[in-house]
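According to full-length UniProt numbering, the residues represented by the sequence shown are 1 to 300, in order. Virtual Cβ for every residue (Gly too), placed ideally from N, Cα, C. Computed from a predicted structure; not experimentally measured.
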Amino acid sequence: MPLQIVHHPGYDAGFAVNHRFPMSKYPLLMEALRIRGLAIPGALSMPEPASAARLKLAHAADYVDQVIACRVPEKIEREIGFSVGPRVSLRAQLATAGTLLAARLALEHGIACNAAGGSHHARRAQGAGFCTFNDVAVASLALLAEGAVENVLVVDLDVHQGDGTADILKDEPRVFTFSMHGERNYPVRKIASDLDAALPDGTGDDAYLDRLATILPQLSWQRRWDIVFYNAGVDVHAEDRLGRLALTDNGLSAREDMVIGHFRKRGVPLCGVIGGGYSADVPALAARHAILFEVASRYE
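Here you go:
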């Protein structure tokens, strides 16, 4: 079987090309996956929008209703970083459902990736930091509620700390959250994960990978995981506008191989999401996101 990839044209909410959030990376990522022979018949699935009831597993009911009705207060929209109109609302519902669908495919096939997701700044009561709904938190709680899994691990390697995921899941003992991120980067006020690793500005490939290599075995010692959600943000790259770390393309590839290989060799299903990436060169950014899928395809 080819690597299972979840996508939807609605992941692109059509922002202006000069917006700080490079929305065009989503169709460009799919084009990059087609060029690489990964986006093929039998590999692709499309989600339906997530229901309000499912979103309310992780988020406050009034906030979910505001997003679906496109009536999010301006103060919260400012914290999110964009207005929540119909296309943004639909995108958030689709991307969240996409991560849950990818997780189900990972449980069936061993590994699957959503060509979006990783919206880890969305907290229980509101969105923030370009994140409307927290797809990994919703998917984790949905699988637990269904009894599909009993122990969930979140490995968040986006350059920004996974504060929203930590906020939503802090009282859920069946989920363990790990975030490795830039120490001095957004958010200014971190919300403690179960395990956090903060890196100094300018951290490059070798130091980054050495730190990660010491932590992954610790995560596996915690308990037997039924699924891993892996946020493979590429904003750790040296050329990212919002990153402040210094990884190269080779470093990203080595990181993905280290994480995916670690868990797949232990038989743990892995659901990949793409997380952040904010390079001004959006085709190059899409190619960086494609590294996750290239490496994941070797472990199918």
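- Rounded to the nearest angstrom, the gap between the Cα atoms of residue 37 and residue 62 is 43 Å.
- Taken through DSSP and simplified to helix, strand or coil, residue 45 comes out as strand.
- By the neighbour-count criterion, in which a residue is buried when 16 or more other Cβ atoms sit within 10 angstroms of its Cβ, residue 243 is buried.
- Residue pairing from DSSP places residue 237 in a beta bridge opposite 247.
- When DSSP states are grouped into helix, strand and coil, residue 202 belongs to the coil group.
- Here the stretch 89–107 makes contact with the stretch 40–57; the two share three or more CB pairs at distances below 8 Å.
- Using a Cβ-Cβ distance cut-off of 8 Å, the stretch 215–230 and the stretch 186–193 are not in contact, since fewer than three pairs of beta carbons, one from each stretch, lie closer than that value.
- Excluding sequence positions up to five before and after residue 284, its CB lies within less than 8 Å of the CB of 239, all in the same chain and listed in chain order.
- Contact check between the stretch 126–136 and the stretch 196–212: fewer than three CB pairs, one atom from each, fall below 8 Å, which does not count as touching.
- Classified as buried, residue 110 has 16 or more neighbouring CB atoms from the shown chains inside 10 Å of its CB.
- Short of 6 Å from the beta carbon of residue 46, and not among the five residues preceding or following it, lie these beta carbons of its own chain, in chain order: 8.
- Shown here for residue 42: same chain residues with a beta carbon closer than 8 Å to its own, the five before and five after excluded, namely 1, 2 in chain order.
- Residue 219 is a Cβ neighbour of residue 195, given a cutoff of 9 Å.
- Within its own chain, the residues whose Cβ lies closer than 7 Å to the Cβ of residue 44, once the five positions on either side in sequence are excluded, are 5, 7, listed in chain order.
- Beyond the five residues adjoining it in sequence on each side, residue 120 comes within less than 7 Å, by CB distance, of 131, 134, 136, 156, 158, 162, 164, 165, 231 in the same chain, given in chain order.
- Taking all protein chains in view, the Cβ of residue 280 is surrounded by fewer than 16 other Cβ atoms within 10 Å, so the residue is classified as exposed.
- Checking the DSSP bridge columns, you'll see residue 4 partnered with 112.
- Runs of the alpha helix (DSSP H) lying entirely within the stretch 66–149 and spanning at least 4 residues, in chain order: 74–80, 86–109, 135–146.
- By the criterion of at least three beta-carbon pairs nearer than 8 Å, the stretch 68–76 is not in contact with the stretch 10–21.
- In this structure, residue 78 lies away from residue 13, with their beta-carbon atoms at least 9 Å apart.
- Where residue 193 is concerned, there is no enclosing beta strand (DSSP E), because DSSP gives it neither an H nor an E.
- DSSP places residue 23 in the coil class of the three-state scheme, outside both helix and strand.
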